[in-house]
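Q: Here the sequence shown stands for residues 15 to 213, numbered as in the working numbering. Beta carbons are placed, not taken as given, at the ideal position from N, Cα and C, and that holds for glycine.
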Amino acid sequence: MSLDTQFITMFMMLASGIYLGMAIDTFRRFERYWKKQTIFAFSIEIFFWLLQGLIVFYFLFVANQGELRLYIFLLILCGFAMYQALFKTIYRRVLEKLISYGISFIWFVKRLFIVLIYTPVRWMIILLTKILLGIWVAFVWLLLLVGKIILLPLKLLGKIIWWLTPKIVKNYLQQLKGIYSKIENILLKWWKKFRQKRR
């Protein structure tokens with residue numbers, strides 16, 4: 015391994031240690047949102063460490079084609095210690111600021127969506143529904159009115175025919191009406207008994 019490669023490797027591994035410190039702090043900052051979900055928390059913890067291992071190995075591969083040496087682990091540890099001593103407090107402050115800005119931006123986008131898209135569309139749907147309902151009510155009312163207009167002459171004709179009908183025929187029809195009512199009542203009683211038996 016040439017001197018240049020060794021120097022690049024040392025620099026990359028120190029940077030990897032600092033990166034690991036930042037990644038761990040970021041992960042722990044968001045961990046509170048899934049900590050109570052045991053299975054999910056365990057799964058994401060494993061995924062996090064596998065991902066960090068792959069990223070560090072990628073840095074090593076870029077630096078010296080992935081050749082492992084004992085000092086590489088020491089350099090990563092030194093980088094991590096350097097982060098803890100020099101950059102941890104600053105990074106956490108920056109992270110909190112970024113999270114605060116991110117939340118504010120998300121809130122702004124949400125409000126913008128509600129004002130410009132959701133509310134107008136909602137009111138348009140409500141207005142369209144009311145218009146369609148009004149048209150339907152007007153159509154039904156018009157249909158009933160036309161029906162009444164059509165049925166009015168028929169009612170008058172029926173009353174005239176009934177008035178001209180002989181009394182004997184009227185009495186006969188009244189008897190038929192009474193018989194029909196009795197049959198209807200009997201059938202309804204049978205139907206109720208049949209339903210009660212099925213229950």
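#1: Pull up the CB-CB distance for K102 and D18, whole angstroms please, since I reckon it's below 8 Å.
#2: Using 10 angstroms around the beta-carbon of I117, count the other beta-carbons present and answer buried if the total reaches 16, otherwise exposed.
#3: How should G93 be labelled, buried or exposed, when 16 other C-beta atoms within 10 angstroms of its C-beta is the threshold for buried?
#4: Where N199 and L190 are concerned, what is the direct C-alpha to C-alpha distance, given to the nearest angstrom?
#5: Along the chain, where does the alpha helix (DSSP H) that runs through W63 open and close?
#6: Where I197 and L168 are concerned, what is the direct C-alpha to C-alpha distance, given to the nearest angstrom?
#7: Cβ atoms of M36 and Y115: under 8 Å apart, would you say?
#8: Would the segment 19-31 count as touching the segment 70-81 if we require 3 or more Cβ pairs under 8 Å?
#9: Between the beta-carbon of R11 and the beta-carbon of L109, is there less than 8 Å?
#10: Report yes if the C-beta distance between L34 and I104 is below 8 Å; otherwise report no.
A: Walking through what the data contain:
#1: No, K102 and D18 are not in contact; Cβ-Cβ is about 31 Å, not under 8 Å.
#2: exposed
#3: buried
#4: 14 Å
#5: 52-78
#6: 28 Å
#7: no
#8: yes
#9: Examination of residue 11 is not possible in this model, given that the chain is present from 15 through 213 alone.
#10: no
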